[in-house]
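Be aware that the sequence shown starts at 93, since it is given in this note's numbering, and climbs by one per residue.
Beta carbons: idealized from backbone N, C-alpha and C, even for Gly.
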Amino acid sequence: MAKRLADAICTIAYNVAATHHAEFEARAARYRALPIKPEVTEEQRKFIVQANVLSQQKAYADALEVYNKALAIDPVSYPAAYFNMALLSAQENRFQSAIGYMKKYLLLEPNAGDARSAQDKIYEWELMVSKQG
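Set out below in C-alpha cells:
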C-alpha cells in the first residue's frame with residue numbers, strides 16, 4: 093500500500109512538473125519573439141538587488157527565496173535571475189534544481205554570450221546528480 097501511494101505521489105509530481113515546463117516553454121517562446129523585451133518593474137528590481145546582496149553574503153537559500161519573489165511578479169522579464177539561481181542552487185548542492193534553472197535561462201536566452209558555458213554547467217551538474225543517486 094505504501095509503495096502504491098509513493099508511486100501515485102511521484103506520478104502526480106511528474107505530471108505537475110511536465111505541465112509547468114510546457115507552460116514555461118510557451119511563455120519563453122513568446123518572450124523570444126518580442127522585438128522589445130519587457131523591463132523589470134521597480135518592485136522586481138528591489139528583489140533582484142536584495143537577492144544579489146544575500147548571494148554576496150553567501151546566504152544562498154535566502155537569495156533563492158528573494159529571486160523567486162522577483163520571478164513571481166514576471167517570470168520572463170529578467171532571464172539572468174534563472175542563471176543566478178542555477179549557480180546558487182549548485183552552491184547548495186541542489187544540482188537538479190540548478191539544471192532546471194539553467195535550462196529556463198537558456199530557453200529565454202538561447203543566443204546569450206554565455207550560452208555555451210551555461211550548457212557546460214548543465215553537463216557538469218548532470219554528473220553531480222548521477223553521483224548523488
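Are there 16 or more other CB atoms within 10 angstroms of the CB of I140, so buried, or fewer, so exposed?
Taking the first residue of the sequence shown as position 1, residue 140 is located at position 48. I140 comes out buried.
Can you tell me which of S147, Y170, Y159 and K223 puts its alpha carbon nearest to the alpha carbon of R124?
In the sequence shown, the residue the question calls residue 124 occupies position 32. Among S147, Y170, Y159 and K223, the Cα nearest to that of R124 is on Y170.
Determine the burial state of Q136: buried for a count of at least 16 other Cβ atoms within 10 Å of its Cβ, exposed for fewer.
Position 44 of the sequence shown, counted from the start, is the residue given in the question as residue 136. Buried, since its Cβ has 16 or more Cβ neighbours within 10 Å.
At the level of alpha carbons, what is the spacing between A155 and S147?
Position 63 of the sequence shown, counted from the start, is the residue given in the question as residue 155. Position 55 of the sequence shown, counted from the start, is the residue given in the question as residue 147. The alpha-carbon atoms of A155 and S147 are separated by roughly 6 Å.
Out of curiosity, what's the CA-to-CA distance linking A173 and A190?
For this step, residue 173 is matched to residue 81 along the sequence shown. For this step, residue 190 is matched to residue 98 along the sequence shown. Rounded to whole angstroms, A173 to A190 spans 12 Å at the Cα level.
What residue range is occupied by the uninterrupted alpha helix (DSSP H) comprising A196?
Position 104 of the sequence shown, counted from the first residue, corresponds to residue 196. Residue 196 is actually Lys in this sequence, not Ala. It spans F187 to L200 - the alpha helix (DSSP H) in which K196 sits, taken as one unbroken run.
May I ask which residues mark the beginning and end of the alpha helix (DSSP H) holding Y152?
The count along the sequence shown starts at 1 and reaches residue 152 at position 60. Run containing Y152: Y152 to I165, per the alpha helix (DSSP H) assignment.
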